[in-house]
Each structure stands twice: as structure tokens, then as C-alpha cells.
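UniProt numbering applies: residue 1 is where the sequence shown begins, and numbers increase by one.
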Amino acid sequence: MDWYPDPDETTLLRTPIHFATGYAHPVAGSRWFRDTERRDIQAELPGWPAGPEFTPHTKTAQNVDRVGGGLLGGIVTAIQVAVEAVIGGNSVPIGQDPSRSKPEDPANESEDFPVMWAAPGTLARTVPWQLDPSRRPDRYRVDAVVTERRFLLLGVGPDLTAPAQVLWETARDTVAGAERLKFSAGGHDLRIRFTDGSWVRLSTAATEKLGGLLADRRRLVPESELTPGQRERVARFVTELPTTAQTPKFFRLAGGVVLVESQVPAKIGKGLFETHSILMGETGDPARPQPGEL
């Protein structure tokens, strides 16, 4: 799965990602691709193979889902969260159980479930079809990569020794923002908005981290910007890391707190990583970020 940034850029995040899936009973297990008139546009997307045709569930089907799928759905979600917690480092959000919450955007979360909202000629229409779990091959995944300059999507096949394929990329300044959507399985959905008004709804265990980077809530800084106290704390942090750990990266959050992160290869599989991190204030002492900064 080799992929490397250009010599003058740094990989800030790499994480598995895919189109989201409907969570509310009327749209459970479904996803649609819409233009701004809510027309289905998947047949208009160049190069896309045919995919399943979804229809909202009837009341009868919803009642069956509630009885038969309530327990099973809870078990599946728990397993999913556990697995994604491992492959996504420490980025799984902890908090409100989405199954007990209500849709924040009923038109797009319970009445309909678009994972692409794109007028003709907009950027969202160019994302790769491999993001769709219903279309991509078995044992194939897509990784999202963020650098200082680019947002990329890489294709990774079953042969992890083969180079990853760059499926899509765009400049960071084409991304208008990103927001976590709490009403979703595990709270893992993220809406990424582009400057042309189009958007996609994706799912990743690294929701908060990816959203923070794309929303510019965390800024990569060189070690030279750290205070003496922060450098001393980083030196202690490095001694506590495994010998296989990567060189730490430093991010200044909007409120001034510095986040230090180091990736460590995970033992459960090649190409997977665990994230070790600390948060520190100006003197190097532990610090608490403001709500929403992570």
C-alpha cells in the first residue's frame, strides 16, 4: 500500500473511508446520489458501474426492522465501533448514542439519504465510485489522505504490497468545510462541503480528526514554534513511545493548545496504525481543548 507525498509536503492523516449508509428506519441500508433538484444522478456519473436501486422502506418493513433488527443492529454497530476504533487510532468519538437521538436534518437523514449532493459540473460529482461499498470489489478499500496542500482518495486492493492507486485528489482550498453528523452508526458520518456548493456524506472512524483538518481547526506547526517547556514535554513523550513510532507531528488548535501525535504500526495488520498523542499548554503542562476543536 505504498503511497508517499511530494518531498515538500507532509501526510497529516490517512484513514479508511466510504460513502455513508442510511441509519433511520425509512432509509436504513440505503444511499442516494442527488442533484440540487433531488433527482437521482448515479446514471449520469461518468465511468460509474451500475449499482443497487434503493427505495424507502414501507411501514411494514420498518416495523420488522425495529423488532428483528433492533438487537442485531445494536450488536453489529458495537462490533463496527470496536473494529474501527482499532484501525482509526483513538479517534472514535465518545458521547451520545446516535440510536437514541433524532435526525438533525430529517430531509437528508430520514426522508431521504443523499450521500452526494451535486449540481452538474460540481466537484462532488468527480469523487470515485470505489467509495461506494455496494460497487467496489471485495477486499478493497479507499483511504482518505490529507496533506497541507491536498485532499486525496487512494484505492487499496487485497495485495497490501502493491502501490496504492490515486483515485482522486483536489486542492485543500476547494474544501469549504467539514462537519460531523451525529445521527449515524457510531457517530462516524461526516459531510464534506466544497466551495462550489456540492457535498458528499462519508463515513470514517476518524471523523473528528478528518473534519478538524478539513475545517482548518488544527494547524500543522514546526517544532521550532514550540516553547522550551513544550519541547521538554515532547522529549519525554518520545521516550515513552515504541521504537517503531514515527516522528511526532505538532498541531496548534484554534484555542492555542498544541496536539502532539505519533503513528505506531499496529500489530493486528500490515498498513494499520495506532495513534499516540498528548495535549499541552504553553508551558508543556497537560491542557484541555475547547469543545469541537478535536
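Where is the CB? At the ideal position from N, CA and C, for every residue including glycine.
Predicted, not measured: the structure shown is a model, and the values here were computed from it.
Is it buried or exposed for residue i, if we count other Cβ within 10 angstroms and need 16 for buried?
{"i": "Ile192", "result": "buried"}
{"i": "Gln130", "result": "buried"}
{"i": "Tyr4", "result": "exposed"}
{"i": "Pro7", "result": "exposed"}
{"i": "Pro26", "result": "buried"}
{"i": "Ser224", "result": "exposed"}
{"i": "Gly256", "result": "exposed"}
{"i": "Arg136", "result": "buried"}
Enumerate in chain order the residues of its own chain whose CB-to-CB distance from residue i is below 8 Å, with the five nearest sequence positions on each side excluded.
{"i": "Pro128", "result": "Val142, Leu153, Gly155, Leu167 and Trp168"}
{"i": "Pro133", "result": "His18, Phe19 and Thr21"}
{"i": "Glu293", "result": "Gly212, Arg217, Arg218, Leu253, Ala254, Gly255 and Val257"}
Can you tell me which residues form a DSSP beta bridge with residue i?
{"i": "Asp40", "result": "Arg34"}
{"i": "Pro52", "result": "Pro52 pairs with nothing; no bridge assigned."}
{"i": "Leu45", "result": "Per DSSP, none; premise fails for Leu45."}
{"i": "Ser203", "result": "His18 and Asp189"}
{"i": "Arg172", "result": "Partner(s): none; Arg172 has no beta bridge."}
{"i": "Gln263", "result": "Thr275"}
{"i": "residue 325", "result": "Since the displayed the chain opens at 1 and closes at 294, residue 325 lies outside it and no answer follows."}
{"i": "Thr239", "result": "Answer by DSSP bridge pairing: none, since Thr239 is not bridged."}
Can you give the Cα-Cα distance for residue i and residue j, rounded to whole angstroms?
{"i": "Glu53", "j": "Ala235", "result": "55 Å"}
{"i": "Pro265", "j": "Leu241", "result": "12 Å"}
{"i": "Leu210", "j": "Ala287", "result": "21 Å"}
{"i": "Ile268", "j": "Thr243", "result": "17 Å"}
{"i": "Glu9", "j": "Glu109", "result": "37 Å"}
{"i": "Glu274", "j": "Glu111", "result": "37 Å"}
{"i": "Ala24", "j": "Glu282", "result": "44 Å"}
{"i": "Val140", "j": "Pro16", "result": "Looking at the sequence itself, residue 140 is Tyr, so the reference to Val does not match. So the two alpha carbons sit approximately 10 Å from each other."}
{"i": "Val221", "j": "Asp189", "result": "28 Å"}
{"i": "His276", "j": "Ala245", "result": "9 Å"}
{"i": "Trp48", "j": "Gln42", "result": "8 Å"}
{"i": "Glu104", "j": "Phe183", "result": "7 Å"}
{"i": "Arg231", "j": "Gly284", "result": "7 Å"}
{"i": "Gly187", "j": "Pro289", "result": "20 Å"}
{"i": "Phe113", "j": "Pro56", "result": "9 Å"}
Measure from the alpha carbon of residue i to the alpha carbon of each residue in the options, then state which is nearest.
{"i": "Leu214", "options": "Asp173, Gly187 and Ala205", "result": "Asp173"}
{"i": "Glu261", "options": "Pro248, Thr15 and Phe273", "result": "Pro248"}
{"i": "Arg217", "options": "Ala43, Pro291, Pro56 and Ser30", "result": "Pro291"}
{"i": "Val146", "options": "Gly187, Leu13, Thr195 and Gly121", "result": "Leu13"}
{"i": "Leu202", "options": "Leu181, Thr195 and Asp2", "result": "Leu181"}
{"i": "Ala50", "options": "Asp40, Pro163 and Asp105", "result": "Asp40"}
Here's a check: name, in chain order, each residue in its chain whose Cβ is nearer than 6 Å to the Cβ of residue i, leaving out the five neighbours to either side.
{"i": "Ala118", "result": "Ala124, Arg125 and Ser198"}
{"i": "Ile278", "result": "Phe237 and Val260"}
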